[in-house]
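Residue numbers (this note's numbering), protein chains in the order written: chain A, 241 to 732; chain B, 241 to 732.
Idealized CB from N, CA, C, for every residue including glycine.
Report on the following structure.
Number of protein chains: 2
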Amino acid sequence: MGKSLTRRDEDYSKWYNELVVKADLAENSSVRGCMTIKPYGYSIWEKIQAELDKKFKETGHQNAYFPLLVPKSLFEAEEKNAEGFAKECAVVTHYRLKNDEDNPGKLKVDENAKLEEELIIRPTSEALIWNTFKNWIQSYRDLPLKINQWANVMRWEMRTRLFLRTAEFLWQEGHTAHTTKKEALEEAELMNNIYAEFAEKFMAIPVIKGLKTESERFAGADETYCIEALMQDGKALQAGTSHFLGQNFAKAFDVKYTGKDGKQDYVWATSWGVSTRLMGALIMTHSDDNGLVLPPNLAPYQVVIVPIFKNEDQFAQISEVAQQIKADLQEKNISVKFDDRDTHKPGWKFAQHEMQGVPLRIAIGPKDLEKGTVELARRDTLEKSFVEQENLVNTIQSKLEEIQNSLFDKALKYRDSHITEVDTYEDFKKTLDKKGGFISAHWDGTAETEEKIKNETKATIRCIPENTDNEEGKCIVTGKASNKRVLFAKAY
Amino acid sequence: MGKSLTRRDEDYSKWYNELVVKADLAENSSVRGCMTIKPYGYSIWEKIQAELDKKFKETGHQNAYFPLLVPKSLFEAEEKNAEGFAKECAVVTHYRLKNDEDNPGKLKVDENAKLEEELIIRPTSEALIWNTFKNWIQSYRDLPLKINQWANVMRWEMRTRLFLRTAEFLWQEGHTAHTTKKEALEEAELMNNIYAEFAEKFMAIPVIKGLKTESERFAGADETYCIEALMQDGKALQAGTSHFLGQNFAKAFDVKYTGKDGKQDYVWATSWGVSTRLMGALIMTHSDDNGLVLPPNLAPYQVVIVPIFKNEDQFAQISEVAQQIKADLQEKNISVKFDDRDTHKPGWKFAQHEMQGVPLRIAIGPKDLEKGTVELARRDTLEKSFVEQENLVNTIQSKLEEIQNSLFDKALKYRDSHITEVDTYEDFKKTLDKKGGFISAHWDGTAETEEKIKNETKATIRCIPENTDNEEGKCIVTGKASNKRVLFAKAY
C-alpha cells in the first residue's frame, strides 16, 4: 500500500489493472484466466447480489440451482446457442485420476475413467434449464415460470482482464417461460428496466437502454435488450442484457403447455443476466488516480474512523469517542469501521482507505478531543472539514446521500458530454479517434455495413436506443435511408 | 400432488426419495449424479445460508471467491489430500468443441484445444486456497486470516442420492490461517460449536459433537471435529466437519510468516464446511408419512392461508380478512402466503402444503366469517383448532415458537433413546440389527479393530464424543484396555 497508481491519462488500462489489485478487489489466480475475488471485492459483490436478489423476488422470481455440467447432446440441441459457445467451453472428459507410475507422487488421467459423453462446464444454462422446464411445464397453470440462478459460469476467453473478461465469472441468470409472446417481451423489458434502475440508483452508473442489432444479439435470442454504460476512457461497457428468446428453446427442447382451451402450444421464453463484470463498470465509472471511489450504497463500510495518537493514554481517550461515534452511526444503519490497528501508522491507513474508496473518513487526534471536533474527509472530492462531534451523525447522513447523488451526476455529465451526433463517416472516425464515447449516427440496418465499420474502426453498435425519436437520415457509410440514429462505440 | 408417500416403516429409503421430489425440494437432472435444487428446496437452503453467513461474519470471517478449477500440479501438492480425492474428480482436458464433420449438427472435442495441464473441478479448495494464501501471508500482521467461500464442488460419487450424496453439491468452506497451533485448534473447535448450535437452535436437529478417528478424518487433517445427527431410521448422518490441518498445507505450499520477533515459521490452518447435505438431515429428522415437516426457522413461509368459498362474493369477503391477517402477521416478521389460486381446490392445496411442511395452515370459510374465527392446523402434530381472528397473531407467534421447540425436543428424545451402551460384540451386533442408533462401546483405539467392525457390521465410529467422562473398560472386539467409550453407527 501507499504506492501510487499509474495515472489514468498515462495508461488507463494499466491504471485499472493496478487499482483492482491494490484496492484488494481481485487478483489473477494460478488458473489461466480465472480470478480470485478477494474479501474486499467480494463484499461489494455481495451488496450487488443482495439488492438485485431483492428486486428479483419483489417481481415474483424464485431462485433455484441447476447443475454445473451440461451433457454435450443437450448443449447441441439449440443450434445457434451451441454454435455461439462451442468454441470457448471447458470440456470434462474423465472422472478420475490415478498414480503416474513413471512419476512418483504425481497423478495422471485414468483412461479407464473416460466419460461416455463429454460434459461442458456451463457457459450459460439455457440448454440445461429448458431441458428441465420440459418436465415442469404441462399446463397454463404452471405458467409463468420465473426462475433465477446465482452461479459460476465458464467461457474460455483467450484474452482476459480482471472482472471485465475472465474464463470463470459469477453471475445471475434469469430464465422464464410464458404463455404469450407479449408477456415474454414484457418480462424481457421489465428485467432490462430493473437492471437500468439498479445501475443508476444503486451503483450510480448512468446507462442507456436499448436493443442489440442482430449480429450483437445473444446466440439463440430473437431480441436482446441491454444497458450500456460509458467508462472514463470513452469506451462503452455492456452492463446487463435481457433476452427475448421467442420459442427457440421451447422448440429445441419440446416445451409445450396446454392452454385453458385445451390446445397445446410452445411456451415463450426470456433469459437475462448481469455478472461480476459490473465490478469493472463500477471501478471505471467512479474511480480516480488515487484509487477506488465507491458510491455509499456499495461500500463495505461507508465510514472509517482513524485514531491519531502518540501514547496509550491518548489512544484510550480517542477510542472512547470513536466507539461512541461508531455506535451512533450504526444505529442509523451506517456501516462503520474503527481502524484501531496498532500495526500501521495513520498515514498508511489513510492511503489504504483512500485506495479502497471508503466514502468518508473520520480522523480523531488529541486536539479534536479538546475542541470536541473530528476531521471529516470525503473520498470523492478529497475535501476535508472539521465537524463538531455533536452534529456528526446528521452531517454524515447527509454527506453520504450527497456523495451517492453527486457520483451519479458527475458520471451522467461525463456520459452526456460524450454522446456525439455525426453525419459523415469522416466525422465518425475523427470523433472516435479524438474524443471517444458514444457516437450517434445513421446506419442502413445491414449487418454488412455494421461489419465494415467494426473492421475499419473497431467501433460496434452498442444499441438501438430506446426513448429516442425517429429521424430521417442517411447511413454514414452507404448513404442509404435510415429512420433512426443508433449508438456506436468502442467497447470493453 | 395429493398422491401419498410410501410409508416410512414400509421402505424408509423410498419414502425419502419420494418426499424430496413430491415436496418440490430437488430432483435428479439429466447429468449423472447431479441434482436440480427446485425453488422451494432452494429457499430453505437460502435460509440456512443466511443464518450461517451471519454467524461466520459475527466471528470475524470474510467471504471471498476462488476459482472452480484446480491445476493438477497444485492438486498434487498435499499428498494425503490428493490421494483422498483423486479417485473421484472431474477432469477438464479440453477447452473447445468443433463441428463433427461425420455428424452434421453435432459437436465433438477439438483435439487441437487440449490443455497442457489438466484442470480438476474442485472437490474442495484447500490446494487452490493455500497456494493463494502464500501470497497473502508474509507477517504476523496478516494473521489470523479467516476466509469463507460459498461454492459448488464436485466429487464423482458412484452411488448418489438427492442431497445426501451428489456429484455436485453446494457448500461453504472456511479456510483460516493462524500464528499458533493453539489458536488454530480453538478456531476448529469454535466452528464446530457454531455448527452444533446452528443445527440445534436453528434447524432443531440434535447433534453430538466429537472427534473423528484417524481413519475417518478429512484427507490432509491432523484432527477432524464433527457433529453427528441421528435419522429416524436409526442411521447417523455427519452434518458438519471442522478440521485442524496442522501445518500440512502450510508446508505443502510453503506458507510462512515472520513473527514479531523476526523469526519465520509455517502457519497453522483450519478448514470447515457444511453442505446441501444438511437438507437431507433436515428432512430425515422431522418429516413424517404425510411429507415434509419444517421447523418455522427454515420454512419458506411459516403460515399459509387457504380460502374456502363457493362463489365470487364469498371469495371477496374472505380475501379481505385474509389480506388483513397477512398484513398483521408480516408486521410481526412472520412469513405468510395467501394461497388464492383459482386453479386448485382447497383439498388439493391442503395436501400440497402438508407435503411441503408449512408449519401452520389457516383455513377461512363462510362460517368463519360469521363467527369471526379461523381454522388453524399445525403441521407437526396435525392438530386443528378454531381460533378467534382477534387473537390470531399472538396465537400464531406462540405456536411457531412451540413448534420450533417441540420439534427439537421430539428429535432429542428419539436420539437419546437410541444411544445404547453395550459391552460385548454380540450385544453390539444385536443392537445394531434390532434397534440401530448410536452404540456406545469401548474400542482399543486401533484402525485394525475399527476396520474389522466396519467390514463385519457396516458400522463405523461416528465420533469420539466430547463432554463424556473417561471410563475404564475393555474393547468389545479384542478385549484390550480402553479408557473411553466411542459412538458407533451405520451412517449415511
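Secondary structure within the region 464–524 of chain B: the alpha helix (DSSP H) runs of 4 or more consecutive residues, fully enclosed, are 488–492 (chain order). A distance below 7 Å separates the beta carbons of proline 586/A and isoleucine 548/A.
Between histidine 418/B and leucine 383/B, the beta carbon gap of about 6 Å places them in contact (Cβ cut-off 8 Å).
Here leucine 308/A has Ile361 and Arg362 as same chain residues with Cβ atoms under 7 Å from its own Cβ, once five neighbours each way along the sequence are excluded. Valine 726/B sits close to isoleucine 701/B, with the two beta carbons spaced by under 7 Å.
For serine 680/B, the enclosing beta strand (DSSP E) has its first and last residue at 678–682. Across the structure, asparagine 352/B and glutamate 328/A are spaced so that their CA atoms are roughly 13 Å apart. Taking 9 Å as the cut-off between beta carbons, the residues of the region 336–354 of chain B near chain A are Arg336, Leu337, Lys338, Asn339, Gly345, Lys346, Leu347, Lys348, Val349, Asp350 and Ala353, in sequence order. Against chain B, the CB of threonine 372/A has a partner CB under 7 Å away; the residue lies at that interface. Put simply, of Gln592/A, Gly605/A and Leu538/A the residue whose alpha carbon is nearest the alpha carbon of isoleucine 574/A is Leu538/A. Lysine 254/B sits in a helix when the DSSP states are folded into three classes.
Burial is judged here by how many other beta carbons sit within 10 angstroms of a residue's own beta carbon; phenylalanine 626/A has fewer than 16 and is exposed. Pairing proline 599/A with isoleucine 565/A, the inter-Cα distance amounts to about 16 Å. Interface with chain A (7 Å Cβ-Cβ cutoff): glutamate 571/B is excluded. For serine 269/A, the closest Cβ of chain B is nearer than 7 Å.
Within the region 288–308 of chain B, the residues whose Cβ lies closer than 7 Å to any Cβ of chain A are, in chain order, Gln302, Asn303, Ala304, Tyr305, Phe306, Pro307 and Leu308. Under DSSP, valine 576/A shares a beta bridge with Val543/A. For the region 393–409 of chain B, the residues whose beta carbon sits under 8 Å from a beta carbon of chain A are, in order, Met394, Trp396 and Glu408.
A direct Cα-to-Cα measurement between glycine 685/B and leucine 451/B gives close to 13 Å.
With a cutoff of 7 Å on beta-carbon distance, arginine 619/B and glycine 597/B are scored as near each other. Taking one beta carbon from each stretch, the region 297–311 of chain B and the region 275–283 of chain A have 3 or more pairs nearer than 8 Å; the two touch. Scanning chain B for C-beta atoms nearer than 8 Å to the C-beta of serine 283/A yields Gln302 and Asn303, reported in chain order. Its chain contains Trp370, Phe373, Lys374, Ile377, Ala417, Phe489, Tyr506 and Val507 as the residues whose beta carbon lies nearer than 8 Å to that of valine 495/B, once the 5 sequence neighbours on both sides are disregarded; these appear in chain order. Distance from the CA of alanine 367/B to the CA of phenylalanine 315/B, rounded to the nearest whole angstrom, comes to 6 Å. Residue state for asparagine 339/B is assigned as strand, using DSSP reduced to three classes. DSSP, reduced to helix, strand and coil, places alanine 731/B within a strand of the structure shown. With fewer than 16 other CB atoms across the displayed protein chains lying within 10 angstroms of its CB, glutamate 341/A is exposed.
Every alpha helix (DSSP H) stretch that sits fully inside the region 585–670 of chain A and reaches 4 residues is listed by chain position as 586–595, 606–611 and 632–656. Proximity to lysine 287/B across Lys422/B, Pro311/B, Gln542/B and Leu355/B peaks at Gln542/B, based on C-alpha coordinates. Contact note: glutamate 316/A reaches chain B through Gly345, Lys346 and Leu347, using a C-beta cutoff of 8 Å and chain order.
When DSSP states are grouped into helix, strand and coil, asparagine 695/B belongs to the helix group. Shown here for glutamate 323/B: same chain residues with a beta carbon closer than 7 Å to its own, the five before and five after excluded, namely Ala459 in chain order.
For phenylalanine 409/B, the pairing in a beta bridge is given by DSSP as Val393/B. Non-local beta-carbon contacts of histidine 682/B in its own chain, meaning distances under 7 Å to residues more than five positions away in sequence, involve Gly713, Lys714, Cys715, Ile716, Ser722 and Arg725 in chain order.
Counting the other CB atoms within 10 Å of its CB gives threonine 621/B a total below 16, which places it among the exposed residues. DSSP, reduced to helix, strand and coil, places lysine 566/A within a helical segment of the structure shown.
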